[in-house]
Structures are given as C-alpha cells and as structure tokens.
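These notes concern the structure reproduced below.
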Amino acid sequence: MKPAELGFLLGLFIFFLMTTPLMGGVARLAEMICGDLKDPCKMDMNPGSCFEIHFRFFYNQTSKRCESFIFTGCNGNLNNYKLKLE
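Numbered according to full-length UniProt numbering, the sequence shown spans residues 1 to 86.
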C-alpha cells in the first residue's frame, strides 16, 4: 500500500471515530427537540402570534379533555384542531 493511500485510510478512520459520537449526540438532541412531534397532544396549547381569530380545539393533558381556544392564525403548534373529532 502506498503512503498516500495509507494516510487517506488513516484519516478516514479518524474521521469516523470522531464523528460517530457526534452523530449519536445529534440524534439524541433531535429526539429531545422533536420527540413531542410524535404525539402533538403532549404539547401545551399555543394560541399563536398573529391577530386573526380562529376557534380551535386542543388536548389538555391536565384535564384529559379537548378544550376550545382562540388561535391567532400563525405559528402555534400541532396541538391545534379545527374539529373536536380530530
């Protein structure tokens, strides 16, 4: 094996040794941040940050019921339903 090939393989090996734990950390961070996306009902009610008025429903984990709220039209989160049936 030529020295250049050996250096390339050694560099690749070191790269994978260093990035594998980082990728695991990224996966854990993504799970922490996006974990609630799997179950939007675990999110708190968020009315949004605009100035429109939309009557919506959200699941309240404390009362274990669907409750109404006024959504302002933008932002908010996924715990936001047009119908109580959703």
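C-beta atoms are modelled at their ideal positions from N, C-alpha and C, and glycine is treated no differently.
Residue i at chain D interface by Cβ criterion, 8 Å
i, result
"CYS66", "The question asks about chain D, but that chain is absent: this structure has only one protein chain."
Residue environment, residue i, which counts as buried when at least 16 other CB atoms sit within 10 Å
i, result
"GLY76", "buried"
Candidates the options: closest to residue i by CA position
i, options, result
"PRO40", "SER49, ILE53, PHE57, GLU52", "PHE57"
"THR62", "LYS42, LEU10, PHE51", "LYS42"
"PHE51", "LEU83, PHE8, GLY7, PHE71", "PHE71"
Ordered list of beta strand (DSSP E) runs contained in the segment 56-85, each at least 3 residues: 65-71
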